[in-house]
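Numbering (my numbering), first residue to last: 6 to 121.
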């Protein structure tokens, strides 16, 4: 639905880049999709990034990510990727929210970034 809405407006697009994550209710498998502003999706199963620091964060995410990480390891890898990526991008800053989605709960933590 999201990609159809964005593609419909491709000649006068919304200026959004979407990140959709979740769990398949039947299998419990995770899914991660990112979309550009005209609805083209990337279905890299393990990692997706959006925003001005996206290129920096993606490279660090590839470095830190390992299959079958527990929630604490995933939070640490995500936090390191985000904070280091944001430090390399002059248009980013002021902190981030990290959402760790598990089968039975969602944990949200706020990280303080640089304030310049």
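From the three backbone atoms N, C-alpha and C, an ideal C-beta is built for every residue, glycine too.
> Considering only the beta carbon of each residue, do residue 97 and residue 118 sit closer than 9 Å?
Replying inline: yes
> Ordered along the chain, which non-local residues of its own chain (more than five positions away) have a Cβ less than 7 Å from that of residue 29?
Replying inline: Closer than 7 Å at the Cβ level, and outside the excluded window around residue 29, lie 36.
> In the DSSP assignment, what are the bridge partners of residue 114?
Replying inline: 103
> residue 130 lies in the beta strand (DSSP E); which residues open and close that run?
Replying inline: Past the boundaries of the shown model lies residue 130; the chain is included only from 6 to 121, so the question cannot be answered.
> Can you give the Cα-Cα distance for residue 116 and residue 83, rounded to whole angstroms?
Replying inline: 11 Å
> DSSP three-state call for residue 25: helix, strand or coil?
Replying inline: strand
> Can you name, in chain order, every residue of its own chain whose Cβ lies under 7 Å from the Cβ of residue 90, other than the five neighbours on each side?
Replying inline: 58, 61, 62, 65
> Which class does residue 46 belong to by DSSP, given the choice of helix, strand or coil?
Replying inline: strand
>> My output table needs one value for residue 96: the three-state DSSP class, helix, strand or coil.
In response: Here residue 96 carries a coil assignment [DSSP, helix/strand/coil].
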